[in-house]
Amino acid sequence: MSEPPAKATPVTILGTTYHLRGHEDEEYLLQLARLVDGKMREVASATGTADSMKIAILGCLNLADDYIRASRDGGSASGNPDKDHERRLTRMVTLLDEALAE
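Residue numbers (my numbering): 14 to 115.
Set out below in structure tokens:
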């Protein structure tokens, strides 16, 4: 059996609406968008810049830093990120790439 088509979920990040397509639960996609929007607003406020590309890049760097620090704190003894976290992060990047390609 094939998977049903991905449903588009509208989300707003930094005042722009994107339609994320995925098989994830709608609430999960909204949660992702709230996290990204919040981080980007923090960056915009802290830097005073209105350049959305700079805000997005700095926001991604901040999220990556949060992720790596959390992986180190709760990951394996070797310091490698947990595979589940890695898979979810990869999926988040894919969703953002798809939304930005619209």
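We put the beta carbon where it would ideally sit given N, CA and C, even for glycine.
The model shown is predicted, which means the values in this text are computed figures rather than measured ones.
Asked                                                                                                                                                              : Found
Using a Cβ-Cβ cut-off of 6 angstroms (strictly less than) and excluding sequence neighbours within five positions of S89, which residues of its own chain qualify? : Confidence at S89 is low in this model, with a pLDDT of 46, below 50, so the placement of that residue should be treated as unreliable; the coordinate-derived value is given next. If we look at S89 and ignore the five residues flanking it on each side, it has no Cβ neighbours.
Compute the distance between the beta-carbons of I70 and V49, then report whether it is under 8 angstroms.                                                         : no
Quick check: what's the CA-CA separation for N75 versus P18?                                                                                                       : 32 angstroms
Check this for me: beta carbons of H36 and A21, under 8 angstroms apart or not?                                                                                    : no
CA-CA distance, R100 and Y80?                                                                                                                                      : 12 angstroms
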